[in-house]
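Chemist: In our numbering, the protein residues as written are 43 to 511.
Virtual Cβ for every residue (Gly too), placed ideally from N, Cα, C.
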Ligand SMILES: [Zn+2]
């Protein structure tokens, strides 16, 4: 076994992954638009990409991972090329330069990534630093007859690309009579999109550049096509992003790239993660609900408890963030750390016969389209399995953590006001072993002893949770 199988949005099925160049996987991830703080929901795309990159490396592949930072050209109504540029708007409203705004939120995003144990990508590329590459690609499209000019910009002519609707599998034609406020007039087809926008007359922009067509700024989609191919080649292996990008942003990236470069498929595997939803409520500072990673830290959660929360759901499923769910993830994480800490000092060689089937199960979970919940559950199983020698548990947890990224064996269990205590974890594990052996007398005796010191037990799908009452 041990082929990495991934769900490919392009073909709508799971496929064994084979890189174009043997031994080397090239991956591009749509990164943040840095006009505001990157909230918890924005961390799911990068957590997902991290799991993917770690899985690819587990198979022995060399990986080149590129992420962009959008710091220009993303309009407030990006699906119809209307509204204000998000960066310009944020700069105007805060009285700062667009560059300062971008720098602040890029830094916050990078810091949060690092706190979530996400290594920096091999290439981090900013749209404003790749204007010539974007202009060059628009020129290619123009030379091949895929673009046309309107009063406010240069547009891509989607009718010239017969495969346009293929990727998303939807008719790009809006329903009869549908018209959208703010829609650019003169477009040949509603799905046509801006490649280059002219700076509007009388509007002073901070971010604008000269181009063969006039002063202005790039459309949002072109940056991803231009930068990904610059760093990964004209065809590459995997492109990731949020599921909301399938219909417009990624469809448009494909149209531009396949037409400009004469390739198909431009990207072999497209992978999309679903959202974190916030209990039906809009997430905002003013509502006082959780917003950025620091808010969780301020509430006493270690950052990696959020990574643990993320690992509890498969990336293609929506995940509901609630205080309860976060608190449960925090407890689960601390319990796992406590169990791992109990074997941290274990010496001696692991029992290979016992470890091999567990290692295989772990790889099978990871290689089945990155099944994090299953992999995490197995880590919990190993951590509390009193039947496994401590050295074996320690070795397996170290291996598993290369993918999970939870600092299981390296980190000290968090201290203040939390429920991690290796002695109690060991007693709970002992009670579990007794229960498994149907030795109810021992199990009850341990439970009573714990109760006497104010520790109560409750069952959960991941095993028992203990708390001090
Ligand atoms: Zn993109």
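1) Below 8 Å on the Cβ atoms is my contact criterion, and I expect residue 297 with residue 200 to pass it. Report the Cβ-Cβ distance as a whole number of Å.
2) I need the straight-line Cα distance from residue 110 to residue 137, nearest angstrom please.
3) Can you name, in chain order, every residue of its own chain whose Cβ lies under 6 Å from the Cβ of residue 71, other than the five neighbours on each side?
4) Counting Cβ pairs, one atom from each stretch, are 3 or more of them under 8 Å apart for the region 354–365 and the region 312–321?
5) If I measure Cβ to Cβ from residue 49 and keep anything under 6 Å in the same chain, skipping five residues before and after, which residues do I get?
6) Can you confirm whether the region 378–390 touches the region 411–428 when touching is taken to mean that 3 or more C-beta pairs between the two stretches lie within less than 8 Å?
7) Give the straight-line distance between the Cα atoms of residue 144 and residue 260, rounded to the nearest whole angstrom.
8) With DSSP run on the structure shown, which of helix, strand or coil describes residue 218?
9) Using DSSP's beta-bridge definition, name the partner residues of residue 260.
10) Please go through the same chain and pick out, in chain order, the residues whose beta-carbon is closer than 6 Å to the beta-carbon of residue 501, but skip the five residues on each side of it.
11) Please report the distance separating the alpha-carbon of residue 191 from that of residue 79.
12) Compare the C-alpha of residue 102 against each of 160, 126, 125, 66 and name the closest.
13) Give me the Cβ distance between residue 337 and residue 311, rounded to the nearest whole Å; I'm assuming they're in contact under 8 Å.
14) Anyone know if the C-beta pair for residue 240 and residue 198 falls short of 8 Å?
15) Restricting to Cα atoms, I'd like to know which of 58, 62, 44 is closest to residue 308.
16) In whole angstroms, what is the alpha-carbon distance linking residue 414 and residue 446?
17) Closer than 7 Å: is that where the CB of residue 266 sits relative to any heavy atom of ligand 1?
18) Extract the residue ranges of the beta strand (DSSP E) inside the region 46–116, only unbroken runs of 3 or more that lie entirely within it.
19) Between the Cα of residue 435 and those of 405, 203, 397, 165, spot the shortest distance and give me the residue it belongs to.
20) Could you work out which residue in 374, 441, 365 is closest to residue 35 when comparing CA atoms only?
21) Assign residue 467 to one of three DSSP states: helix, strand, or coil.
22) Cβ of residue 171 versus every heavy atom of ligand 1: is any distance shorter than 7 Å?
23) Using the three-state DSSP reduction, which class does residue 374 fall into: helix, strand or coil?
24) Can you name, in chain order, every residue of its own chain whose Cβ lies under 6 Å from the Cβ of residue 392, other than the five neighbours on each side?
25) Look at residue 450 and residue 466 and say whether their C-beta atoms are less than 8 Å apart.
26) DSSP beta-bridge partners for residue 191?
27) Helix, strand or coil for residue 278, going by three-state DSSP, please let me know.
28) Could you compute how far the alpha carbon of residue 51 sits from the alpha carbon of residue 313?
29) Using a Cβ-based criterion (distance less than 7 Å to any ligand heavy atom), does residue 115 qualify as near ligand 1?
30) Answer yes or no: do residue 246 and residue 140 have a C-beta to C-beta separation smaller than 8 Å?
31) Against chain B, with Cβ distances strictly below 8 Å, would residue 352 count as a contact?
32) Could you tell me which whole alpha helix (DSSP H) segments of length 4 or greater appear in the region 129–182?
33) For residue 526, I'd like the list of residues in its chain whose CB is within less than 7 Å of its CB, leaving aside the five on either flank, ordered along the chain.
34) By how many angstroms is the C-alpha of residue 305 removed from the C-alpha of residue 58?
35) What does residue 497 pair with, by DSSP beta-bridge criteria?
36) Take the Cβ of residue 478 as the centre, count every other Cβ of all protein chains shown within 10 Å, and call the residue buried at 16 or more, exposed below.
Modeler: A quick look at the data gives this:
1) Within the chain shown, residue 297 is the residue found at index 255, counting from 1. Within the chain shown, residue 200 is the residue found at index 158, counting from 1. Correct: roughly 6 Å between the Cβ atoms.
2) Within the chain shown, residue 110 is the residue found at index 68, counting from 1. Within the chain shown, residue 137 is the residue found at index 95, counting from 1. So the alpha carbons of these two residues sit roughly 25 Å apart.
3) Residue numbering aside, residue 71 sits at position 29 when the chain shown is read from its first letter. Once the five neighbours on either side are set aside, the close Cβ partners of residue 71 are 91, 109, 282.
4) Pairwise C-beta distances place the region 354–365 in contact with the region 312–321, as three or more of them are shorter than 8 Å.
5) As a first step, residue 49 is located in the chain shown; it is residue number 7 there, counting from the start. If we look at residue 49 and ignore the five residues flanking it on each side, its Cβ neighbours are 56, 411.
6) yes
7) Position 102 of the chain shown, counting from 1, holds the residue named residue 144. Position 218 of the chain shown, counting from 1, holds the residue named residue 260. About 17 Å.
8) The residue labelled residue 218 in the question sits at position 176 within the chain shown. Residue confidence for residue 218 is low, a pLDDT of 48 falling below 50, so the modelled location carries little weight; the figure read from the coordinates is stated next. Note: residue 218 maps to coil in three-state DSSP.
9) Looking up residue 260 in the chain shown gives position 218. DSSP lists 238 as partners of residue 260.
10) In the chain shown, the residue the question calls residue 501 occupies position 459. Excluding residues within five positions, none has a Cβ falling inside 6 Å.
11) For the purposes of this step, residue 191 is identified with residue 149 of the chain shown, where counting begins at 1. For the purposes of this step, residue 79 is identified with residue 37 of the chain shown, where counting begins at 1. Going from the Cα of residue 191 to the Cα of residue 79 covers about 35 Å.
12) Looking up residue 102 in the chain shown gives position 60. For the residues 160, 126, 125, 66, the minimum Cα distance to residue 102 belongs to 66.
13) Position 295 of the chain shown, counted from the start, is the residue given in the question as residue 337. Position 269 of the chain shown, counted from the start, is the residue given in the question as residue 311. With a beta-carbon spacing of about 35 Å, residue 337 and residue 311 fall beyond the 8 Å limit used to define contacts.
14) As a working note, residue 240 is residue 198 in the chain shown. As a working note, residue 198 is residue 156 in the chain shown. Note that the C-beta distance between residue 240 and residue 198 is not below 8 Å.
15) To locate residue 308, count along the chain shown from 1; it is residue 266. Minimum Cα distance to residue 308 is reached at 62.
16) To locate residue 414, count along the chain shown from 1; it is residue 372. To locate residue 446, count along the chain shown from 1; it is residue 404. Straight-line Cα distance between these residues: approximately 8 Å.
17) Mapped onto the chain shown, residue 266 falls at position 224. Checking the Cβ of residue 266 against ligand 1 gives yes.
18) 47–50, 55–58, 66–71, 104–111
19) Residue numbering aside, residue 435 sits at position 393 when the chain shown is read from its first letter. Comparing C-alpha distances from residue 435 to each of 405, 203, 397, 165 shows the shortest one belongs to 397.
20) Residue 35 lies beyond the range of the chain shown here (43 to 511); nothing can be said about it.
21) Sequence index remark: in the chain shown, residue 467 carries index 425 (1-based). In this structure, residue 467 counts as helix in the three-state DSSP scheme.
22) Taking the chain shown and counting its residues from 1, the one referred to as residue 171 is at position 129. Flag unset: Cβ of residue 171 not near ligand 1.
23) For the purposes of this step, residue 374 is identified with residue 332 of the chain shown, where counting begins at 1. Residue 374 falls in the helix class under three-state DSSP.
24) On the chain shown, residue 392 is found 350 positions in, with the first residue counted as 1. Answer for residue 392: 433, 434, 437, listed in chain order.
25) Residue mapping note: residue 450 aligns to position 408 of the chain shown, counting from 1. Residue mapping note: residue 466 aligns to position 424 of the chain shown, counting from 1. No, they are not a contact pair.
26) On the chain shown, residue 191 is found 149 positions in, with the first residue counted as 1. Its beta-bridge partners are 196.
27) As a position in the chain shown, residue 278 is number 236, starting the count at 1. Strand, per DSSP.
28) Walking along the chain shown from the start, residue 51 turns up at place 9. Walking along the chain shown from the start, residue 313 turns up at place 271. Distance between the alpha carbons of residue 51 and residue 313 is about 6 Å.
29) Indexing the chain shown from 1 puts residue 115 at position 73. Because no heavy atom of ligand 1 lies under 7 Å away, the Cβ of residue 115 does not count as near it: no.
30) Counted from its first residue, the chain shown places residue 246 at position 204. Counted from its first residue, the chain shown places residue 140 at position 98. Cβ atoms of residue 246 and residue 140: not closer than 8 Å.
31) The displayed structure is made up of one protein chain only, and chain B is not part of it.
32) 140–157
33) Because residue 526 is not part of the residues shown, which for the chain are 43 to 511, the question remains open.
34) For the purposes of this step, residue 58 is taken as residue 16 along the chain shown, with counting starting at 1. For the purposes of this step, residue 305 is taken as residue 263 along the chain shown, with counting starting at 1. When rounded, the distance between both Cα atoms is 22 Å.
35) In the chain shown, the residue the question calls residue 497 occupies position 455. BP columns for residue 497 point to 510.
36) As a position in the chain shown, residue 478 is number 436, starting the count at 1. The residue is exposed, with fewer than 16 neighbouring Cβ atoms inside 10 Å.
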